[in-house]
Each structure stands twice: as C-alpha cells, then as structure tokens.
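Participant:
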Amino acid sequence: MSRIAPNQMTDDLLRPLLHTTWKFYAGVAVLGSIVLAGLGAWFYQVYMGLGITGDNWPVFWGFHETNFVFWIGISHAGTLISAILRMVDATWRRPVTRCAEAITAFALMIGALFPLIHLGRPWLAWWLIPYPSERMIWPNFRSPLAWDFFAINTYLTSSLLFLFLPMLPDLAVVRDKTTGLRSKIYGLLSLGWQGTPKQWHRLEMAMHIMAIAIIPIAVSVHTIVSFDFSMAVVPMWHSTIFGPYFVAGAIFSGIAALIIAMALLRKILHLEAYLEPIHFNNLGKLLFTMSLLWGYFVFNERLTTWYGNETHEMAAFWITQTGRYAPLFWTMVFCNFILPFPFLAIRKLRTITGCVIASCGVVVGMWLERFLIIVPSLSTKPITYSWGRYMPQWPEITIMIGSIAAMVLLYVLFSKFVPLISMWEMKVGEHPEVKEAASVAAAQEAGELL
Amino acid sequence: MQESSTATTTNGPAKWGMAVDLDRCTGCEACVTACHAENNIPTVGANQAAAGRAMHWIRIERYFEGEFPDVHVKFRPVLCQHCDNAPCEPVCPTYASSHTDEGLNAQVYNRCIGTRYCANACNYNVRFFNWFNPIWEKPLHLQLNPDVSLREVSVMEKCTFCVQRIKEAKIDAKRDARPLADGDVKPACVQSCTANALVFGDLNDPESAVSRLSRSPRGTKLLGDLGTQPKITYLQREG
Numbered sequence: 013m014s015r016i017a018p019n020q021m022t023d024d025l026l027r028p029l030l031h032t033t034w035k036f037y038a039g040v041a042v043l044g045s046i047v048l049a050g051l052g053a054w055f056y057q058v059y060m061g062l063g064i065t066g067d068n069w070p071v072f073w074g075f076h077e078t079n080f081v082f083w084i085g086i087s088h089a090g091t092l093i094s095a096i097l098r099m100v101d102a103t104w105r106r107p108v109t110r111c112a113e114a115i116t117a118f119a120l121m122i123g124a125l126f127p128l129i130h131l132g133r134p135w136l137a138w139w140l141i142p143y144p145s146e147r148m149i150w151p152n153f154r155s156p157l158a159w160d161f162f163a164i165n166t167y168l169t170s171s172l173l174f175l176f177l178p179m180l181p182d183l184a185v186v187r188d189k190t191t192g193l194r195s196k197i198y199g200l201l202s203l204g205w206q207g208t209p210k211q212w213h214r215l216e217m218a219m220h221i222m223a224i225a226i227i228p229i230a231v232s233v234h235t236i237v238s239f240d241f242s243m244a245v246v247p248m249w250h251s252t253i254f255g256p257y258f259v260a261g262a263i264f265s266g267i268a269a270l271i272i273a274m275a276l277l278r279k280i281l282h283l284e285a286y287l288e289p290i291h292f293n294n295l296g297k298l299l300f301t302m303s304l305l306w307g308y309f310v311f312n313e314r315l316t317t318w319y320g321n322e323t324h325e326m327a328a329f330w331i332t333q334t335g336r337y338a339p340l341f342w343t344m345v346f347c348n349f350i351l352p353f354p355f356l357a358i359r360k361l362r363t364i365t366g367c368v369i370a371s372c373g374v375v376v377g378m379w380l381e382r383f384l385i386i387v388p389s390l391s392t393k394p395i396t397y398s399w400g401r402y403m404p405q406w407p408e409i410t411i412m413i414g415s416i417a418a419m420v421l422l423y424v425l426f427s428k429f430v431p432l433i434s435m436w437e438m439k440v441g442e443h444p445e446v447k448e449a450a451s452v453a454a455a456q457e458a459g460e461l462l
Numbered sequence: 008m009q010e011s012s013t014a015t016t017t018n019g020p021a022k023w024g025m026a027v028d029l030d031r032c033t034g035c036e037a038c039v040t041a042c043h044a045e046n047n048i049p050t051v052g053a054n055q056a057a058a059g060r061a062m063h064w065i066r067i068e069r070y071f072e073g074e075f076p077d078v079h080v081k082f083r084p085v086l087c088q089h090c091d092n093a094p095c096e097p098v099c100p101t102y103a104s105s106h107t108d109e110g111l112n113a114q115v116y117n118r119c120i121g122t123r124y125c126a127n128a129c130n131y132n133v134r135f136f137n138w139f140n141p142i143w144e145k146p147l148h149l150q151l152n153p154d155v156s157l158r159e160v161s162v163m164e165k166c167t168f169c170v171q172r173i174k175e176a177k178i179d180a181k182r183d184a185r186p187l188a189d190g191d192v193k194p195a196c197v198q199s200c201t202a203n204a205l206v207f208g209d210l211n212d213p214e215s216a217v218s219r220l221s222r223s224p225r226g227t228k229l230l231g232d233l234g235t236q237p238k239i240t241y242l243q244r245e246g
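Written out as structure tokens, the structure is:
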C-alpha cells in the first residue's frame, strides 16, 4: 500500500462532499425518476390489486419475492467483509469496510420493502407487530413470515448501527472542515466526538461487540428467509440444505455487489490510490471461495433430490434441468460458476476488470437462483392438474428496475454526505506498518535477522 | 348411501368430513356451479381465467387414460381437504387461516393481509386469491347469497364446507329442540350432486354415512403421504 499523507487523504476523501458537479445532479435526477416510476407502479398495484402482476394460481409468488430474497442476500456483503475481516484484523479491509457496510444498510432497506410490496393489503402490515390489542390477537409466531419480520428488523437496526458507529470520527472531521449549518448538522451527527482516548477506547469496544454480534444475526436472517420456503411441504422447497445454502449464496452475491460498487466508486470518485488492485484481488479470492461453495451446495441439492427420486420432487427437478426453466438454470450455472472460474482462479485474470466481469455474472446468476427456487416449484406442485406457469408483467418489472435505481441512488447520496472510505481507519492502518518496519529495522541492527 | 342414520353428535363438537365416490362422479360440474351460486364466488371472465385467475372452490379434475380411440376419462372433484394437519395454517402470520373446533380450515377474510403464503403451502391448490375487486354485472348482483360475506380485493378465499349451512342447521335443530341428525347439513356441492357422489357429515359420529364410507376399503386420501390428514376420503374406482 503506497503511503498517502494524512492531509492529502483528508482532502481526497472529502472532495466528493465539498465539491458538487452537474453530473451529480443529473445522476440523481435520472435515478430519482426511475425510483419514482417504481413507486408509481407499486401504488398502481395497491390501487388495482395484484392482478396487474403476473402472479396467478398456482404461482402465487414471483418477481417480488425473488427480489426480496435477492436484496436481503446482497445485504450480506457488509457482514462478511466488515465484521469477519474486522474480527480477524485483516488490515487490507480498511478502505473497503464502509462501502460494504453501506451496501448492507441500503440493500436491507430495499429488501425489507419487498415484503410490503408483495402484500395484497400492505396497509395492514402492522398486524405483524406484537402489540397488546384489545382483542388480544397476536401475530402467529409459528409463521416464518413473522420470523422474517423480527429477523429483518433486528438485522436492519444492527447494520445501521454498524454503519454509523465507525462514521463518528469522520463525521467529526467533516464538522471541523465545514462552516455554518452544515457544520452544525455534522456536529449533531458526530454525537460530540472529540477524539479523546476514552472515546476511542469506547468506539473500539463497541465495534468489537457489534462485529461479534452481527455475524450470528446475519446468518440467522438469511436462514430465516430460507425458512419461508423450506417450512412448506412444496417440492424442492422442503429441504434441509436451504439454511446454509441461502447464507452462502447471500454472502456470494454480497461480495459480488461490493466489487462492482468499489470499481464504480474508484472510477467515478477517482479513488485509484485507495481502492487498489490488491483489494480487488483479495475480494476476488473470497468470491472464488464462495463460488466453489455455491457450486458444492447446488450439486448437493440436485444430487440428493435425483437419488431420492420422489415423484413430486422429480417434476420440479426436471423442469429446471431439461424443461421450461432449463435455459434459466444453465444460465445461472454459467453465471455463478463457469464464467467466474477462469477470472477468479487464474491470477493473471484476477484483475479489477476480471473481478468485475465475474461479479456481474454472479449478481445475475444469484438473482436467477432465487427465481428458480421460487417459481418452478410452485408451477409443478404435486397435483398435475393444477400445474401452471408465470410470466412477469410490467408492474413487477418496473418495481424491480426501480429497486436497482434506488440502491444506486442511496449510494450516490451517501457518497455526497459521508466519506465512503473510512478516513480514520486508513490513518490508523498506517501505524502498525510503521511500527513493524521500525521493529524489523531494530531487529536487523541487533543482528537477529540473517 | 341414502339411509339417514338417527345417530346424533351429542358428545362434543362435530368433525365435519366428506366422502367422494369416484365411481359415481360423472364430471357434470353441477357442484361447481352450485358452489359458485351459494358462496358468491366471482367469475373473472375468459381472459383472466386463461391467466390463471379463475376461482372454483370445488373443481372437477379430468385425467385421460389410454390412447385414442380407446380413451378413458376419469374425474376427480377436488375441494379443500380440510386437513387436520393443514400446511396452510401455521404459515399465516396473522391467523387469517386457522382451525375451528369443528375441524374446519377457516379463512378469516378481515384478518387476511394477502401474503398468499397459505396458497403456496397448500399442495392441493384449493385456495384462491382475489386478484382484483370482484364485480357482478347487473342484474347478477341481485342474486348474491345474503348468508355469505363478499370478499374484497387481495384476500384469500376457499371452500368453507358451506359453514353458513352448518350454522343454519344447528340453529334449526336448536329451535326444534332436537339434536343435529346425520344429513341435516348439506353443502351446496353435496346437495346438487345428482349422482350422490359426494357425502357430507360428522366424522365423530361412527354411524354417520360419511363415517361408514370413510372406512371403506376403497377409501384413500389425496396426497395422504404428505401427512396432512385430510378429512375428505376418496373412494377409488372399481370400474
């Protein structure tokens, strides 16, 4: 890692906050109108009824639920990169953590919207809150959807905290570098951060606790999302592998999303000196591990079903292997496994471009995976008379595009208000190396090293 | 099958069930029509029906056997199996889908928030969603059954075993100060079945017609291996 002077670093990383070009406004306008189109489609769906979507009997779930699982999956980026790498104290994580934590928070906000979007009567969603009503009617705690409600709310709260806590010192820097109203707002946000040793110590403690706490939360969240499917006696849903399979897939797609976001930030915000090829290389290795793990899970899932050879399961099995959904299935295998393999396995190809190509494949492939879990099973439930099919209509497609635009928009706005690379962690990161170099020099002098 | 036993259900709640004699079903679909009329089930038109939005609380499934010209058509009326261990019930986050003490799988329309999870969990695909607000073209709106509530957009609905008729029979019996007799309750599908393929009654009464038919060696449960414990027994074809 090339050394950057602390002042230079502060200037570089605060530049997007202090200088705004017309490109920013244009981007926000374009993204904002796509988000508005998505919101419009949702309101129209609420007004008309779910009949304007492609959902039908017997495929009662389609794109909305696919997007729900997909976005919750993307939100697992922050956990792995940030929490796990923080815990094992991997120093290369420093410029990457905040990008990852922000993906977690925003993807989760969007993902948590989809259960509302898919509801027939979203204005009654508050019935999932366990409040003591006068008739003593509680939510049904046996329902995986009720578990979802609690799991996602817990994860959203903790990941927002996890994003916000390490922002405090940087917000204080912005407070000191700005004047007027802006300085006041950042002053409020930085919660009186002065940088005293006591405050540093507490921040460090808090981050340790959060990093340890958020890992089981993240694992449980996507396990519970998988329970939405595996708790129902539906062919290919009722599977014991779904918990770990979904968690692995979530981290897989999360890393891919992070790589894409980092590559874009690097280009657009000119962070070449901070997000270096080494970071992409390391993330590429992680992505490769997850790709292999994903392939292992898919192989397991398919092989056990095939050997079990249970009539109802086989209908759902063959429709994805050779039937109507086979083109999507094999595209998924290509995107998640075959395409990333050379780019991530061969060191020469594991460049920034290579990692981005692999990541784009993975994001598409993981979206297809969620779709292929939900729709083919529902269209081939045990009674052959009631087999059906699903074709998405414009409302759910518009809402899906809107959700992607919302993700980018949130990220763009975030980059305008908060330095996307944790300045203090970068600066702290310099010190161990200095110390290490000094001790190596001392050891050399003492003749301990040959 | 017509013999009406005098045995009554004086002890505890009833357990409503049905027997379907597949040998008797002619596939006339009178039950489907009767069910629509009795339960205010909206029709959705040809286009929506083709898109998979048709609602039939009871349907006649047709299966073809053999090669032309030697083709046999087999019919199977499928309605909610009112499972004792119903997959639709635990998945509902708001208890809209719940079990009554008489063993019915009830759907509380006002409590339904439209997750459609119950319909996915049900392997019989006998739950139907109101994709749009139902409309009845004039003068059809005048023929609605006042005993059955209308369902609005985005709620799930399904066969109730004509719970309004069960209630009515109980009220009548109470008025006449007599116990409920076997055959007092006839859901619309049972009443309209000219071939007497459908028999309804109390499974807790061992002497009721439905109990006796359910014990038949021809009796099978639809997807019984799933462990849902359906309360409908299908008597398999002998012919």
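Line order of the protein sequences matches chains P and G.
For the record, in the first sequence the residue sitting at position 406 is 418 according to our numbering, with numbers rising by one throughout.
For the record, in the second sequence the residue sitting at position 131 is 138 according to our numbering, with numbers rising by one throughout.
We put the beta carbon where it would ideally sit given N, CA and C, even for glycine.
Computed from a predicted structure; not experimentally measured.
1. Kindly list, in the order they appear in chain G, the residues whose Cβ is closer than 7 Å to that of S155(P).
2. Hey, is S12(G)'s beta-carbon within less than 8 Å of any beta-carbon in chain P?
3. Can you check whether the C-beta of S242(P) is within less than 8 Å of a C-beta belonging to chain G?
4. Under 7 Å from any heavy atom of the ligand ADP, does the C-beta of H89(G) make it?
5. Is there contact between the segment 200-208 of chain G and the segment 24-31 of chain G, where contact requires at least three CB pairs shorter than 8 Å?
6. Using a Cβ cut-off of 8 Å, pull out every chain P residue sitting near P94(G), in sequence order please.
7. Nearest-angstrom Cα distance between S427(P) and E113(P)?
8. For Y286(P), which residues from the same chain have a beta carbon less than 6 Å from its beta carbon, with the 5 sequence-adjacent residues on both sides left out?
9. Which word fits Q20(P), buried or exposed, when buried means at least 16 other C-beta atoms lie within 10 angstroms of its C-beta?
10. Please report how far the alpha carbon of F75(G) lies from the alpha carbon of K81(G), in whole angstroms.
11. Would G123(P) and I84(P) be called neighbours here (beta carbons separated by less than 8 Å)?
12. What residues from chain P crowd round F135(G), counting only those whose CB sits closer than 7 Å?
13. Between M243(P), T32(P), I96(P), which lies nearest to N127(G) when the distance is taken from Cα to Cα?
14. Measure the alpha-carbon distance for V100(P) versus P178(P) and round it to whole angstroms.
15. By the criterion of Cβ-Cβ separation under 7 Å, what are the contact partners of F72(P) in chain G?
16. When DSSP labels each residue in this structure, what does S155(P) get in the three-state scheme?
17. Alpha carbon to alpha carbon, what distance is there between I164(P) and L86(G)?
18. Between T169(P), Q333(P), S170(P), H324(P), which lies nearest to V310(P) when the distance is taken from Cα to Cα?
19. Do you know how far the Cα of A117(P) is from the Cα of Y167(P)?
20. Starting from N140(G), find everything on chain P with Cβ-Cβ shorter than 7 Å and list it in chain order.
21. Our contact map puts L351(P) next to A370(P) with C-beta atoms below 8 Å; I'd like the distance itself, whole angstroms only.
22. Bridge partners of R182(G), per DSSP?
23. Please say whether P388(P) and H324(P) have beta carbons closer to each other than 8 Å?
24. Answer yes or no: do R60(G) and W143(G) have a C-beta to C-beta separation smaller than 8 Å?
25. Determine the direct distance from the alpha carbon of A137(P) to that of H76(P), and round the result to whole angstroms.
26. Along chain P, in chain order, which residues have C-beta atoms closer than 9 Å to that of R60(G)?
27. Would you report the Cα separation of I115(P) and F239(P), rounded to the nearest angstrom?
28. What would DSSP say about M163(G), mapped onto helix, strand or coil?
29. If you measure between the beta carbons of I226(P) and T91(P), is that distance less than 8 Å?
30. Start and end of the beta strand (DSSP E) containing D240(G)?
31. Please specify which runs of the alpha helix (DSSP H), each continuous and at least 4 residues long, are wholly inside the segment 282-333 of chain P, giving them in chain order.
32. Leaving out five residues on either side along the sequence, give the residues of the same chain with a beta carbon under 7 Å from the beta carbon of P181(P).
33. In chain order, what residues of the segment 75-92 of chain G put their CB closer than 9 Å to some CB of chain P?
34. Going by C-alpha to C-alpha distance, which of L183(P), T190(P), L157(P) sits closest to S202(P)?
35. Which word fits W402(P), buried or exposed, when buried means at least 16 other C-beta atoms lie within 10 angstroms of its C-beta?
36. Would you please verify whether the beta carbon of V162(G) is less than 8 Å from any beta carbon of chain P?
Facilitator: Once the coordinates are examined:
1. Here residue 155(P) is taken as the residue at index 143 of the first sequence, counted from 1. Per Cβ cutoff of 7 Å: P97, V98, C99, P100.
2. The sequence position of residue 12(G) within the second sequence is 5, counting from 1. Note that S12(G) scores 44 on pLDDT, short of 50, meaning its location in the model is unreliable and no value can be drawn from it.
3. Counting from one through the first sequence, the residue named residue 242(P) turns up at place 230. No, S242(P) lies away from the interface with chain G (no Cβ there is under 8 Å from its Cβ).
4. For the structure depicted, the ligand ADP is absent and the ligand set is empty, with no information on it obtainable.
5. yes
6. Start at 1 with the first residue of the second sequence, and residue 94(G) comes out as number 87. Those within 8 Å of P94(G) in chain P are A244, V245.
7. Locating residue 427(P) in the first sequence gives position 415, where the first residue counts as 1. Locating residue 113(P) in the first sequence gives position 101, where the first residue counts as 1. The straight-line gap from Cα to Cα measures roughly 13 Å.
8. Residue numbering aside, residue 286(P) sits at position 274 when the first sequence is read from its first letter. Excluding positions up to five away in sequence, the list reads P107, I433.
9. As a working note, residue 20(P) is residue 8 in the first sequence. When all chains shown are included, Q20(P) counts as exposed.
10. Here residue 75(G) is taken as the residue at index 68 of the second sequence, counted from 1. Here residue 81(G) is taken as the residue at index 74 of the second sequence, counted from 1. Roughly 15 Å separates the two Cα atoms.
11. Taking the first sequence and counting its residues from 1, the one referred to as residue 123(P) is at position 111. Taking the first sequence and counting its residues from 1, the one referred to as residue 84(P) is at position 72. Contact flag set, yes.
12. By 1-based counting over the second sequence, the position of residue 135(G) is 128. Those within 7 Å of F135(G) in chain P are W69.
13. The count along the second sequence starts at 1 and reaches residue 127(G) at position 120. Of the listed residues, the one whose Cα sits closest to N127(G) is M243(P).
14. As a position in the first sequence, residue 100(P) is number 88, starting the count at 1. As a position in the first sequence, residue 178(P) is number 166, starting the count at 1. Distance between the alpha carbons of V100(P) and P178(P) is about 17 Å.
15. As a position in the first sequence, residue 72(P) is number 60, starting the count at 1. Near F72(P) (Cβ distances below 7 Å), the residues of chain G are R123, A126, N127, F136.
16. Translated into positions along the first sequence, residue 155(P) becomes position 143. Reduced to three states, the DSSP call for S155(P) is coil.
17. Counted from its first residue, the second sequence places residue 86(G) at position 79. Counted from its first residue, the first sequence places residue 164(P) at position 152. Their backbone Cα atoms lie some 36 Å apart in a straight line.
18. Residue 310(P) sits at position 298 when you count from the first residue of the first sequence. The option with the nearest alpha carbon to V310(P) is Q333(P).
19. The residue given as residue 167(P) occupies position 155 in the first sequence. The residue given as residue 117(P) occupies position 105 in the first sequence. Roughly 9 Å separates the two Cα atoms.
20. Here residue 140(G) corresponds to residue number 133 of the second sequence, with the count starting at 1. Correct list: G61.
21. As a working mapping, residue 351(P) is identified with position 339 in the first sequence. As a working mapping, residue 370(P) is identified with position 358 in the first sequence. So it is a contact: roughly 7 Å between Cβ atoms.
22. Counted from its first residue, the second sequence places residue 182(G) at position 175. Partner(s): none; R182(G) has no beta bridge.
23. As a working mapping, residue 324(P) is identified with position 312 in the first sequence. As a working mapping, residue 388(P) is identified with position 376 in the first sequence. The answer is no: Cβ separation not under 8 Å.
24. Counted from its first residue, the second sequence places residue 60(G) at position 53. Counted from its first residue, the second sequence places residue 143(G) at position 136. No, Cβ-Cβ distance for R60(G) and W143(G) is not below 8 Å.
25. The residue labelled residue 76(P) in the question sits at position 64 within the first sequence. The residue labelled residue 137(P) in the question sits at position 125 within the first sequence. Approximately 16 Å between the Cα atoms of the pair.
26. Locating residue 60(G) in the second sequence gives position 53, counting from the first residue. G63, N68, W69, listed in chain order.
27. Taking the first residue of the first sequence as position 1, residue 115(P) is located at position 103. Taking the first residue of the first sequence as position 1, residue 239(P) is located at position 227. Cα-Cα distance, rounded: 24 Å.
28. The residue you call residue 163(G) lines up with position 156 of the second sequence. Correct three-state label for M163(G): strand.
29. Mapped onto the first sequence, residue 226(P) falls at position 214. Mapped onto the first sequence, residue 91(P) falls at position 79. Cβ distance < 8 Å, so I226(P) and T91(P) count as in contact.
30. On the second sequence, residue 240(G) is found 233 positions in, with the first residue counted as 1. In the sequence under discussion, the amino acid at residue 240(G) is Thr, which differs from the Asp named in the question. Where T240(G) is concerned, the enclosing beta strand (DSSP E) stretches over 239-242.
31. 289-320, 323-333
32. Translated into the one-based positions of the first sequence, residue 181(P) becomes position 169. Around P181(P): W205, G207, W436.
33. R83, V85
34. One-based indexing of the first sequence puts residue 202(P) at position 190. That would be L183(P), whose Cα lies nearest to the Cα of S202(P).
35. Indexing the first sequence from 1 puts residue 402(P) at position 390. Here residue 402(P) turns out to be Tyr, not Trp, going by the sequence shown. Per the 10 Å Cβ criterion, buried.
36. Taking the second sequence and counting its residues from 1, one reaches residue 162(G) at position 155. Judged by the 8 Å Cβ criterion, V162(G) is in contact with chain P.
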